[in-house]
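One structure below.
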Amino acid sequence: MASGQAMDYRQDSGAWARRHNHALVSLARRVWTERCTLDTALAQICETAARTLEVARVNVWRLHATHGVLRCVHAYDRASGEHNPPGFDEAFDAGSEYDRQLDRVRLIHATDVQRDVTLSAADAVLGDYLARHQVSSLLDAPIRSEGELLGVVCHEHVGEPRSWSAEDEAFAASIGDFVAMAYEIQRRRDAERRLRYLELHDPQTNLPNRDHLLEVAHSALRPAHGEEASVAAIHLQLEHDGTGRQDAVVAAAAALRGGLGNEATLARVRDDGFALVPRRPLREAEALDLAGRCVSLVEEAVGDGTTRAAAGIAFSRDLSSPSADMLLRNAELASQRARALGMLNRCEVFDAGRHGELVVRMRLERALREAYEQGQLDLHYQPVVDLRDGRIVGAEALLRWRDDRGGWRPCSEFIDVAERSGLIVPLGRWVLLEACMAAMAWPRADLQLAVNVSARQFEQPGLVADVAQALQVSGLAAERLTLELTETVLLHDADVACETLARLRALGVRIALDDFGTGYSSLARLKRLPIDCLKIDRSFVAGLPGDGRDQAIVCAIAGIGREIGLDVVAEGVETAEQVTALLGCGLTRGQGYHFGAAVPDLALRARLAG
C-alpha cells in the first residue's frame with residue numbers, strides 16, 4: 000500500500016459489527032458486577048477496546064475543571080499488554096479547541112491526524128503528544144455524565160493512517176459511555192458508602208454509633224471453629240457537673256480513640272455514653288484494667304474535675320444465648336448500677352441478680368420515649384393565687400403522662416429518667432411551645448405562665464433560641480412567661496448562669512428560682528443572679544404554722560425578696576392556717592392543693608371563665 004493511503008479494516012462490515020457487539024456484551028458482564036472496582040473496570044474497558052479495534056493504545060483522560068487540567072488516569076498498551084506503563088499519567092492544560100470540540104460532539108475521529116483540521120487547530124502540546132507517541136489515527140470518545148464532560152477515551156492507532164468504519168465509530172462511542180457508566184457507578188457507590196458511614200457513625204465525635212458496635216459485637220459472638228467466643232463489652236457513662244457538656248464529650252471521645260488505638264472498637268452509644276468491644280477475649284481482671292484505663296482517659300481529657308465516668312462490664316458467658324444487643328445492654332446496666340451506687344470513677348461487672356431495678360429504669364425510659372412519640376404526654380396547670388383573696392394570677396405548667404388505665408402519672412415519677420436519657424431536651428422544647436400556645440387561649444390576658452427548665456435544658460446552647468421561637472410562634476407576650484429553674488442549676492457556675500439568664504431576660508421573660516432554700520446557696524451569689532422571683536420550697540411551708548423555725552425561715556426569705564426587689568411565691572400550700580401564716584410573713588402569692596391541684600387546660604379555662 001502506498002505511503003499516506005489509509006488502510007481499510009472494513010473487510011466484512013457485518014462480521015466486524017458482530018465482533019464489536021460481542022465485545023460490548025462480554026465487557027458488560029465482566030464490568031457491571033458488585034465486586035468490580037473503578038480501577039478494574041477501566042482496565043477491562045481499555046484492554047477490550049484496544050483488542051477489539053486493534054489499536055495500539057487506549058487511554059482514559061479525566062478533566063479536572065477546577066484545575067483546568069486534562070490528565071491521563073489509565074492507559075493500556077496492546078503490544079506489551081501493560082497497563083499504566085511508566086510515564087502514562089501525562090496532563091494537558093484544558094481549554095483548547097480540541098477540548099471545546101469534545102464538549103460538542105459524540106466522537107472525534109481522525110483518519111490522519113496530520114491533516115485533521117480539528118487537531119491541527121489544537122495547541123502545540125497536543126500536537127507534540129501525538130508526534131511523540133507516533134499516533135496516526137484516532138477515535139476520541141467524550142465521557143459524559145448527566146450532561147457534564149468528565150473526560151475522554153482515546154483510541155490511538157500507530158503506523159499508516161487508518162480509515163474508521165461506522166461500526167468502529169459506534170463502538171468507540173459506546174466505550175466512552177461504558178467509562179461514563181463506570182464513573183457513575185463509582186459515584187453511586189461512594190454515595191452509598193457515605194450514607195452507610197453516616198448511618199453507622201456519630202456526627203459529633205465521628206465515632207461508630209450503637210448500630211455499628213452491634214454489628215461488631217455480633218461478629219465477635221459468632222462461633223469460630225465450632226467454639227463459642229468469649230466476648231466482653233464495656234460501657235462508659237459520663238457524668239458532667241458543669242457547662243460545656245458537648246465539649247467534654249468530644250474531648251473524651253478523642254482521648255478514648257487515641258488511648259485505645261486498635262485494642263477495641265469504640266462507639267458513642269448515648270448522648271453521654273460510650274461503649275467498646277475488645278478485639279480479643281479478655282479475662283475479668285484484664286477487662287477491669289481496660290475499663291479503669293478508659294475512666295482515667297476521660298478524667299485526663301477534660302481535666303477540670305467536672306466530668307467523671309462510671310464503667311460497666313459484661314461478658315458473653317452470662318448470656319443464655321449469643322446476643323449482641325443483650326451484651327451491650329448488660330454492660331450499660333452495670334455502668335448504671337455503678338452510677339446509682341455513687342461509684343463514679345469506678346467499675347462494676349454485670350451480675351443479673353443485682354440489676355433488676357436498672358432493668359425497670361431502662362424499660363421506663365423506653366416507655367417514656369414511646370409515650371412522647373405517640374402523643375401520650377400532656378400538660379396540666381396548677382393555679383398560682385393571690386393569698387389575700389384567692390384570685391388566680393397565673394398557673395404553672397406541669398407535665399403528665401397518661402397511663403394504661405387512663406390516669407395521669409406526675410412528672411416526679413419519670414422526670415429523672417427523661418433528664419438522664421437526654422429526652423428532656425426535645426421534651427422541654429415541646430412543653431415550652433405547648434404551654435405558650437395554651438396561655439394564649441386563656442380568657443384573661445394578665446395571667447402569668449410558669450414553665451420549668453431542667454438542668455440539661457439550661458446547658459443547651461439553643462435554649463434562648465427555643466424560648467424566642469415559642470414566643471414568636473404562639474404570639475404570647477414575653478412578660479407573661481416565667482421560666483423556673485432550681486437554684487442548684489443556677490448557682491453551680493454563676494458566671495455562665497448569669498450570661499444565659501441575661502440573654503433570656505433580654506427577650507422580656509421573667510426568671511424564677513424554684514425550690515429556694517434547698518440548695519445551700521450563698522446570699523452573696525444570689526444577689527448577682529438576674530432573677531425576678533423566689534419560690535419557697537414546700538418543705539418549709541409544710542411545717543406552718545406550728546414549727547417556729549419554718550416560720551422564721553419563710554419570713555426571712557420573704558424579707559430577702561422584698562429587700563432585693565424580688566417577688567416571692569410559696570409552694571405546697573395545703574391549709575387555711577398555712578395561708579394565714581404566710582400572710583403574716585408578708586407573702587401575697589402561693590400555690591398548692593388548698594387552691595386546687597393541677598388540671599388540664601380546658602378545666603383551667605372553665606375555672607377562669609367562671
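Last residue of the sequence shown: 609 (numbering that gives the first Met the number 0), numbering continuous. From the three backbone atoms N, C-alpha and C, an ideal C-beta is built for every residue, glycine too. This structure is a prediction, so every number in the text was calculated from the model and none was measured.
Per DSSP, cross-strand counterpart(s) of residue i
{"i": "VAL294", "result": "DSSP output for VAL294 lists no bridge partner at all."}
{"i": "ILE233", "result": "LEU275, ILE312"}
{"i": "VAL567", "result": "LEU533"}
{"i": "ALA444", "result": "For ALA444, which the question treats as bridged, DSSP gives no partner whatsoever."}
{"i": "GLY589", "result": "VAL384, ALA569"}
{"i": "ALA74", "result": "ASN58"}
{"i": "ASP377", "result": "ARG399"}
{"i": "LEU148", "result": "ARG143"}
{"i": "VAL68", "result": "HIS63, ASP92"}
{"i": "GLU81", "result": "ASP76"}
Span separating the alpha-carbon of residue i from that of residue j
{"i": "GLN185", "j": "LEU363", "result": "46 Å"}
{"i": "GLU299", "j": "ALA253", "result": "11 Å"}
{"i": "VAL553", "j": "THR485", "result": "17 Å"}
{"i": "GLY146", "j": "ARG103", "result": "11 Å"}
{"i": "GLY474", "j": "LEU426", "result": "21 Å"}
{"i": "ASP513", "j": "ILE535", "result": "7 Å"}
{"i": "ALA496", "j": "LEU525", "result": "11 Å"}
{"i": "ALA64", "j": "GLN100", "result": "16 Å"}
{"i": "GLN245", "j": "GLN459", "result": "9 Å"}
{"i": "LEU378", "j": "ALA216", "result": "42 Å"}
{"i": "LEU432", "j": "GLY311", "result": "38 Å"}
{"i": "GLY258", "j": "ARG502", "result": "39 Å"}
{"i": "PRO84", "j": "TYR196", "result": "35 Å"}
{"i": "ALA130", "j": "GLY80", "result": "22 Å"}
{"i": "ALA14", "j": "LEU148", "result": "33 Å"}
{"i": "SER320", "j": "MET180", "result": "46 Å"}
{"i": "ALA5", "j": "ARG50", "result": "Only weak support is given to the placement of ALA5: the predicted model assigns it a pLDDT of 49, under 50, and the value that follows is read from those uncertain coordinates. Cα to Cα, ALA5 sits roughly 20 Å from ARG50."}
{"i": "MET0", "j": "SER162", "result": "Because MET0 carries a pLDDT of 38, less than 50, the predicted location of this residue cannot be relied on, and no value is offered for it."}
{"i": "GLU331", "j": "ALA266", "result": "13 Å"}
{"i": "GLY94", "j": "ASP76", "result": "27 Å"}
{"i": "ARG604", "j": "LEU480", "result": "17 Å"}
{"i": "PRO409", "j": "LEU318", "result": "36 Å"}
{"i": "GLY595", "j": "SER334", "result": "42 Å"}
{"i": "TRP407", "j": "ASP415", "result": "17 Å"}
{"i": "GLU562", "j": "LEU482", "result": "22 Å"}
Element boundaries [beta strand (DSSP E), containing residue i]
{"i": "ALA464", "result": "It is not in any beta strand (DSSP E) - ALA464 instead sits in the alpha helix (DSSP H) that spans 462-473."}
{"i": "ASP514", "result": "509-515"}
{"i": "GLU395", "result": "391-401"}
{"i": "PRO409", "result": "407-409"}
Given residue i as reference, the closest of the options once Cα atoms are compared
{"i": "ALA232", "options": "ARG282, GLU183, ARG399", "result": "ARG282"}
{"i": "CYS71", "options": "LEU41, GLU53, ALA78, ARG50", "result": "LEU41"}
{"i": "TRP60", "options": "GLU155, ALA394, LEU52", "result": "GLU155"}
{"i": "ALA284", "options": "ALA313, ARG604, ARG455, LEU326", "result": "ALA313"}
{"i": "ALA477", "options": "ARG77, VAL134, CYS435, VAL572", "result": "CYS435"}
{"i": "ILE142", "options": "PHE177, PRO160, GLU166, VAL112", "result": "PHE177"}
{"i": "ALA602", "options": "GLY516, GLU483, ARG56, ALA440", "result": "ALA440"}
{"i": "GLN590", "options": "VAL384, GLY564, GLY542", "result": "VAL384"}
{"i": "ALA78", "options": "VAL57, ALA93, PHE457", "result": "VAL57"}
{"i": "ASP271", "options": "GLY560, ASP201, GLY406", "result": "ASP201"}
{"i": "ALA90", "options": "THR32, VAL151, THR47", "result": "VAL151"}
{"i": "GLU418", "options": "GLU166, VAL452, ASP350, ASP546", "result": "VAL452"}
{"i": "GLU262", "options": "PRO277, GLY67, VAL249, PHE273", "result": "PRO277"}
{"i": "LEU106", "options": "HIS66, ASP127, ASP167, VAL134", "result": "ASP167"}
{"i": "ARG428", "options": "GLU395, LEU398, ASP465, ALA449", "result": "ASP465"}
Residue i, enclosing alpha helix (DSSP H) - first and last residue
{"i": "PRO425", "result": "423-439"}
{"i": "THR485", "result": "First-last for THR485: 480-485, but that is the beta strand (DSSP E), not the alpha helix (DSSP H)."}
{"i": "HIS217", "result": "209-220"}
{"i": "PHE91", "result": "Per DSSP, PHE91 belongs to no alpha helix (DSSP H); it is in the beta strand (DSSP E), 90-92."}
{"i": "TYR59", "result": "First, the amino acid is wrong: residue 59 is Val here, not Tyr. VAL59 -> not in any alpha helix (DSSP H); beta strand (DSSP E) instead, spanning 56-63."}
{"i": "GLN100", "result": "96-101"}
{"i": "ARG143", "result": "From DSSP, ARG143 is part of no alpha helix (DSSP H) but of the beta strand (DSSP E) over 134-144."}
{"i": "ALA351", "result": "Element bounds for ALA351: n/a, residue is neither H nor E."}
{"i": "VAL495", "result": "493-505"}
{"i": "ALA608", "result": "600-608"}
{"i": "ALA454", "result": "454-458"}
{"i": "ARG105", "result": "That residue, ARG105, is in no alpha helix (DSSP H); it is neither H nor E in DSSP."}
{"i": "ARG50", "result": "37-52"}
{"i": "ARG561", "result": "547-562"}
{"i": "GLN577", "result": "575-583"}
My parser needs the alpha helix (DSSP H) runs of 4 or more residues fully inside the stretch 239-272; what are they? 244-259
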